[in-house]
Every structure is written in structure tokens, then in C-alpha cells.
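A short worksheet on the structure shown next.
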Amino acid sequence: MRRESGFAAAAAILLLIGIAVFLIDIFCFSFSFYQKEYEKLGTAESIGMTEQSLTMATQALLDYLRDNRDDLSVTAEIQGKVREVFNAREKQHMVDVKQLYLTARAVGYGCLALGAGCLLLLFWKAGRSKYGKEEILQGYLKGNGIFFAILAVIGLFAAIDFDTFWTLFHKVLFTNDLWLLNPRTDILIMIVPEEFFFDLVMRIAEAAVSSIGLLLLGAWFWKKKLKKETDGKGYAEAGETQ
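164 is the number that numbering that gives the first Met the number 0 gives to position 165 of the sequence shown; each next residue is one higher, with no gaps.
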């Protein structure tokens with residue numbers, strides 16, 4: 000059963016990676032979140048564009064990331080002048096962001112399916128064996144605990160020093176410096192500044208901790224219930240042999 004416990008731990012980590020990507024997918028494309036942040040940060044006014052134009056530019060960004068449009072050629076009035084919203088450097092950077100997002104989504108959902116499938120297979124193989132299920136849950140709890148600890152460290156790092164966290168994030172994931180944009184001239188970073196991403200990352204982290212915590216708690220209670228049943232069965236069998 001130790002092998003099954005190890006498989007369960009690995010499957011748990013795959014499952015939780017998938018859940019994390021799923022949450023990122025949800026919150027990164029929550030238009031209501033963008034609207035709240037724009038209102039909070041006074042984005043349209045600070046850029047010098049109407050809220051309608053800001054909404055149009057944001058929708059173009061999200062559609063582009065999801066591969067629902069081919070380019071980021073968007074025209075709007077900014078500071079009293081009609082112009083292209085995004086310059087060449089911003090568009091090149093978004094090519095990288097789009098590729099990263101599509102790859103992460105494919106890998107994440109693959110992990111979700113593989114992790115869930117492996118856990119279901121392990122429980123199916125265990126059949127009615129409460130001991131077997133208990134071992135699987137023990138492995139799941141270990142995997143969940145490892146992932147939860149890593150997530151907590153990353154979240155704490157981001158909360159304490161988001162600027163360093165965000166810089167390292169870009170240096171690790173991008174092979175060029177196109178992400179280094181000018182907040183005075185580049186509209187992309189004006190639309191989604193560091194303050195925006197701090198709120199986004201914290202929101203995703205809170206949702207991930209809550210979701211993973213609930214799964215951890217559910218697995219713990221299930222394991223506790225199985226252990227109680229198996230211990231009770233053991234005592235009953237011991238009584239019968241006396």
C-alpha cells in the first residue's frame with residue numbers, strides 16, 4: 000500500500016496544480032474584477048481615455064489572450080488624440096504572455112484531469128478495503144500538505160515584497176526584457192499596473208488557499224472516519240477470538 004500512498008501524493012499535487020490554474024483562469028478573465036480595480040485606481044482618468052475606450056481595450060486584451068482575436072490593433076482617443084492604444088513593444092510582450100497563458104492552461108488542465116483520474120483509479124482499485132482507502136487518503140494528505148506549504152510560502156513572499164516577487168516572476172518566465180515597460184508612456188502597464196496585479200495575485204491566493212484547505216479538511220475527516228471504522232472492526236474481531 001505504500002506505493003499507492005506515494006501515487007496518491009503525486010496525484011494530489013497534480014490535481015492541485017490544475018485547480019490553481021483553473022482559479023487563475025477564472026480570476027484573470029473576471030471582467031467585474033477589472034471594473035472594480037479601474038474604479039479603485041482611477042485608471043481611465045489617469046490614462047486620459049473614456050471608460051468606454053478602456054473597456055474596449057481591456058476586452059481586446061482578454062480576447063487576444065484567449066486566442067479569440069489575432070492581433071491587438073485597437074484605436075482609441077487618449078489625451079485628446081486618436082491613436083493606437085498599444086505600441087509595438089507592448090504587442091510583442093503580449094505575444095509572449097499569450098503563449099505562456101495558453102501553455103499554462105493546457106498543462107494545468109492536463110494535470111487536473113490526470114490527478115483526478117489517478118485518484119479515482121486508486122480508489123477503484125482499493126474497492127471496499129477501508130485500509131486501502133485510508134492509505135490513499137494518507138498519501139493525498141501528504142501531497143496536499145506539500146502543495147499547501149509551497150503555496151503559503153509563495154503567497155507570503157508576494158504579500159511581504161510584491162515588487163521583488165513580481166520581478167522574479169517575469170525573469171523566470173520570460174527570456175527577454177519586453178516586460179520592462181514605461182509607466183509614463185506605455186498604455187499596457189497603465190491599464191494593469193503593479194497595484195492591479197497585487198490585488199489579482201492576492202485574490203487568487205485567497206481562493207486557492209480556501210479551496211485547497213477545504214479539500215484538505217474533507218480528506219482528513221474522511222480518513223478519520225475510515226480509521227475509526229477500521230479500529231472498531233479490529234476490536235470487534237479481537238473480541239470474537241477471545
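Glycine included, each C-beta is placed from N, C-alpha and C at the ideal position. Treat the numbers as computed from the prediction; the structure is a model and nothing was measured.
What's the call for A19, buried or exposed, on a 16-neighbour Cβ count within 10 Å? buried
What's the call for A235, buried or exposed, on a 16-neighbour Cβ count within 10 Å? With a pLDDT of 44 at A235, under the threshold of 50, the modelled position of this residue cannot be trusted, and the question is left open.
Going residue by residue through the stretch 15-68, where are the continuous alpha helix (DSSP H) segments of at least 4 residues, counting only ones entirely within it? 30-40, 42-46 and 50-64
Return the residue from the list A151, I12 and N86 that minimises the CA-CA distance to M189. N86
Does the stretch 164-181 touch the stretch 41-59, meaning 3 or more C-beta pairs lie closer than 8 Å? no
Are the stretch 127-144 and the stretch 7-22 touching, with three or more C-beta to C-beta distances below 8 Å? yes
So, do the stretch 176-184 and the stretch 85-99 have three or more beta carbon pairs nearer to each other than 8 Å? yes
Under three-state DSSP, which class holds V81? strand
Give the straight-line distance between the Cα atoms of S52 and E76, rounded to the nearest whole angstrom. 8 Å
What are the start and end residues of each continuous beta strand (DSSP E) run of 3 or more residues lying completely inside the stretch 126-203, in chain order? none
Tell me the DSSP bridge mates of T74? E83
Taking L64 as the reference, give the member of C27, T54 and V73 with the closest Cα. C27
Could you check if K132 is buried or exposed, using at least 16 other CB atoms within 10 Å of its CB as the buried criterion? buried
My guess is that L150 and A206 are in contact by the Cβ rule of under 8 Å, so how many angstroms apart are they, rounded? With a Cβ gap of about 11 Å, L150 and A206 do not count as contacting.
Could you check how far apart the C-beta atoms of Y130 and G17 are, in whole angstroms? I think they sit under 8 Å. Contact doesn't hold; Cβ gap of about 28 Å is too wide.
Alpha-carbon to alpha-carbon, P182 and P192: 8 Å
Among the candidates R2, L22 and L15, whose CA atom is the shortest distance from the CA of V200? L22
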